[in-house]
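Worksheet: one structure, shown below.
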Amino acid sequence: MQQIRNKSDWEIEEIVEETEVSLKIPSKASSEADGDEVYVAVGKSSSSMEALSWALKHVAKPSSTLYLIHVFPEVHLIPTPLGMVPKDQVSPQQVEAYIDRERNKRRELLQKFLNQCSAFKGETLLIESNLVAKAIVDLIPVLCIKRLILGTTKSNIWFI
Numbered sequence: 005m006q007q008i009r010n011k012s013d014w015e016i017e018e019i020v021e022e023t024e025v026s027l028k029i030p031s032k033a034s035s036e037a038d039g040d041e042v043y044v045a046v047g048k049s050s051s052s053m054e055a056l057s058w059a060l061k062h063v064a065k066p067s068s069t070l071y072l073i074h075v076f077p078e079v080h081l082i083p084t085p086l087g088m089v090p091k092d093q094v095s096p097q098q099v100e101a102y103i104d105r106e107r108n109k110r111r112e113l114l115q116k117f118l119n120q121c122s123a124f125k126g127e128t129l130l131i132e133s134n135l136v137a138k139a140i141v142d143l144i145p146v147l148c149i150k151r152l153i154l155g156t157t158k159s160n161i162w163f164i
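Per the working numbering, residue 5 is the first one in the sequence shown, and the count goes up by one each step.
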């Protein structure tokens, strides 16, 4: 797990999910018992920013702790001039350079969300998994999530 300090009170914690459910729980998230926590799943789509804005207007209170959850894919392939190559077939330096570039992209993406909610205390949870929905659902019982806000576009809503 890697902790990175941002300009505000926010911490970015990376949680690596293995095939079996064994997550490292951020100490702050598991210890708060006031029930005033709001979790917002964020990603690259514009609906994520809309979900965060909605949560800030309708759910979060000044005393709320806000948790941004971002799931990003596992790294199996590394881009090279010859195309995508399995990471075990390139040098460790190439793998590390690619992972650093991806980490910086995530920081830039998350900074937009952090700027939106700088008035709140909270944390950012980064989870490495190829199964976004499963990773988020698996967090619910582990972190005792009671309020989880997800964004979606109207075209992705199915009515039964």
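Where a beta carbon is used, it is the ideal one built from N, C-alpha and C, also for glycine.
Everything numeric in this text was worked out from a predicted model, so none of it was measured.
Rounded to whole angstroms, what is the Cα-Cα separation between residue i and residue j?
i: tyrosine 71; j: leucine 129; result: 7 Å
i: serine 57; j: proline 85; result: 40 Å
i: valine 141; j: aspartate 104; result: 27 Å
i: histidine 62; j: threonine 156; result: 17 Å
i: alanine 37; j: isoleucine 144; result: For alanine 37, the pLDDT reaches just 46, beneath the cut-off of 50, and the residue's location in the model is therefore unreliable, although a value from the coordinates is still provided. Answer to the nearest angstrom: the Cα atoms are 15 Å apart.
Would you decide whether residue i is buried or exposed? Buried here means 16 or more other CB atoms lie within 10 Å of its CB.
i: cysteine 121; result: buried
i: leucine 81; result: exposed
i: leucine 87; result: It should be noted that the sequence gives glycine, not leucine, for residue 87. Classification for glycine 87: exposed.
i: serine 95; result: exposed
i: valine 79; result: exposed
i: serine 133; result: buried
Give the DSSP-derived three-state secondary structure of residue i in the structure shown.
i: proline 96; result: helix
i: glutamate 36; result: Bear in mind that a pLDDT of 47 at glutamate 36, under 50, signals an unreliable position, so the number given afterwards is only what the model happens to contain. Three-state DSSP puts glutamate 36 in coil, outside helix and strand.
i: phenylalanine 117; result: helix
i: glutamate 78; result: coil
Tell me the residue span of the alpha helix (DSSP H) that contains residue i.
i: isoleucine 144; result: 136 to 147
i: lysine 61; result: 50 to 62
Under the assumption that residue i contacts residue j (Cβ atoms under 8 Å), give the Cβ distance between them as a whole number of angstroms.
i: lysine 48; j: leucine 113; result: 7 Å
Which two residues bound the contiguous beta strand (DSSP E) that contains residue i?
i: glutamate 127; result: 125 to 132
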